[in-house]
Every structure is written in structure tokens, then in C-alpha cells.
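J.: Counted the way my numbering counts, the sequence shown spans residues 1493 to 1785.
Idealized CB from N, CA, C, for every residue including glycine.
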Amino acid sequence: MKIQYRKEIDFLRAIAVLYVTAFHFFPKVFPKGYLGVDLFFVISGFLISLQIYNLIILKKFSLKDFYLRRIRRIFPAVIFLIIVTSIISFLLYTKNDLFLFSKSALFSIAFLANFHFWSIGGYFSVLDELKTLLHLWSLGVEEQFYIFFPILFLILLKFIKKINYLIIAFLLISLFSLSLNLFLKSIGQTNAAFFLLPTRVWNLGFGVLAMLFYVKNKKSHNDFIAALCLFFIVTSIFINNSGIPSDVILIISTALFLSKKLPKNFNLKNLIYNKYINYIGLISFSLYLWHWP
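(1) Please classify Ala1602 as buried or exposed, where buried requires at least 16 neighbouring CB atoms within 10 angstroms.
(2) Using the rule of at least 16 other Cβ atoms within 10 Å of the residue's Cβ for burial, across every protein chain shown, is Tyr1497 buried or exposed?
(3) Pick helix, strand or coil for Ser1669, following the three-state DSSP scheme.
(4) Take Tyr1559 and list the residues in its own chain whose beta-carbon comes closer than 6 Å to its own, dropping the five residues that flank it on each side.
(5) Nearest-angstrom Cα distance between Phe1607 and Phe1758?
(6) Could you give the distance in angstroms between the alpha-carbon of His1516 and the alpha-carbon of Thr1682?
(7) What are the boundary residues of the alpha helix (DSSP H) that Phe1705 is part of?
(8) If distances are taken between C-alpha atoms only, which option among Ile1580, Leu1754, Ile1574 and Tyr1585 comes closest to Phe1716?
(9) Three or more C-beta pairs under 8 Å: does that hold for the region 1585-1605 against the region 1630-1640?
(10) On the premise that Leu1781 lies in contact with Thr1513, defined as a C-beta separation below 8 Å, what is that separation, rounded to the nearest angstrom?
(11) Within the same chain, show all residues whose beta-carbon is closer than 6 Å to that of Ser1541, passing over the 5 residues directly before and after it, in chain order.
(12) In chain order, what are the residue ranges of uninterrupted alpha helix (DSSP H) at least 4 long that sit wholly in the region 1738-1780?
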């Protein structure tokens, strides 16, 4: 099965990186812009699971090849970022700050930045501006997901042949992760809920669920549902609802949006396929890597 390019994913990537960047530069104006990372996670869950699923169906999937592709995709860009920021940090930082930077660089290279920044105070502590590689915590989460997910997926596909049962399995996994996330927040462990893979799996898991519905139904949205999903994706960072958290609204809306193709004559197609917005989506990884340093 050939993977069909979906321009709407570049639109979503653009929204995600613009929200994160806006949050870091204007945190008081966009206090929930960090949810752009949640949006990235859903997209990653969808794309990675779709790639693996298609290769497994074609009997062409190799764990070794998958891991090598991930390393080639991410490692060179991250190493280059760390080299450049290391040189500048050496010129600008005090000895103590340089030591802290060096420690974060080592954890980032090992894709364990999320554990490191969780251990030193989290994401919303004072002097975050001196944590040059703070944003690489999300790459730590994604890489840890890339290590374990293909193995889990292969095992499930070996024993579960029907796609409906796969949907149930990933729904249960996602709901367990969401429950753990909410529980840790309720007992004051917000940083653990924010940084760790087990409490972030539900973000990626809803992307996997979207993929399973996408390959199962092969249908298109109607205009109203597509527009409604898009509305909640774009506005979720501005929603303050004590009943349903903004991240839940964003992630479910994104999963629903990805679960079907866009209608052929979708009213908002000109916006979603705008070449400038799509370009931002195409370079979103580079923008994310460099905007914080």
C-alpha cells in the first residue's frame, strides 16, 4: 500500500511549530502554546504507525532499517545543533552554567533529555532561558516511543489479525496513559506527567488510532466534521474549560481530523493548502530545533 501524501499534515505541523514558538517568545499572550508539542506527538503517532503498518502488510518491514532511518532523520540535525550551541555557550556562559549545559547536551545526545530536565525542575521553572536545549525533551519522548512502539506493534499484529481488535487494544493503552497522566497531575506530579513517556503515550496513541481508522475506512470527512475538527485544533490553546482539558480537546480533534481524508471540495482547502503555511510545515523540524536556542 502506497502512503499517500497528505498536505493537511504540513498544515498541522505549521500550526504546531507556530504555537510552540509563540509560547516561547510571548508566553503571556499564548500561555498554552506549548500544546503545539502535543499536536506534534499525534502527528508522529499517525505517520510512524502508518509507515510501519504499510511495510508490515507488504512484508518489507525491518526493525533495523526502521531504527537506522530514524537515526539518519534526527541524529545529524541534533548533533549539529549541539555543536553550534556548545561553541556559543563556551563563549557566553559562566563555568557553572557551562557545566549544566554540557550535562544537558550529553542527555540530549542519548535522547534522554526529558528525564534530565524533569530531574532539574521541569519546564516552567525560573531561568528556563539558560536551559539552551530544554526543548529537546520532546525528542527524547519521541525517540523512546520509536524504540518501543515497533516491537509492541509487531507483537500485537502477530496475535491480533482484525483491525477492530487492534483499535480496542490501542484505545485501552491510550486511556491507561491518559488516566496515569491525570492521576499524577492530581497528586501534584505535573512535571512527571509532562515529561515522561508513559504519561505521553496517549498523545501518540491517538495518532495510532487515527491511522487504524484511516486504513480501515478509507473514507472522506464531510465538510462540517472536517471544519469542526479544524476549529478545535486551531482554537484549543485559547480554550479554558474546567471540564475538559485543552490538551484532550486538541488531541482528540487532531485524531478525528487525521482519521479520514479531506473532502475533495473542502471549503477551507485554500487555507490548508496555502503554500506559505505548507512551507512552514515542511521546515517545522528545523524551526523547532533552532527557535529556542
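T.: Let me lay it out:
(1) By the neighbour-count rule (16 or more Cβ atoms within 10 Å), Ala1602 is not buried but exposed.
(2) Burial call: exposed.
(3) In this structure, Ser1669 counts as helix in the three-state DSSP scheme.
(4) Nothing listed; no residue qualifies.
(5) Going by the C-alpha atoms only, they are around 43 Å apart.
(6) Straight-line spacing of the CA atoms in His1516 and Thr1682 works out to 19 Å.
(7) Val1693 to Asn1709 is the extent of the alpha helix (DSSP H) around Phe1705.
(8) Per the Cα distances, Leu1754.
(9) With the cut-off at 8 Å, the region 1585-1605 and the region 1630-1640 touch.
(10) Between the beta-carbon of Thr1513 and that of Leu1781 there is about 12 Å, and that puts the pair past the 8 Å contact cut.
(11) The answer, listed in chain order, is Val1700 and Met1703.
(12) The DSSP assignment places 1738-1750, 1761-1764 and 1767-1774 as complete runs of the alpha helix (DSSP H) inside the region 1738-1780, in order along the chain (cut-off: 4 residues).
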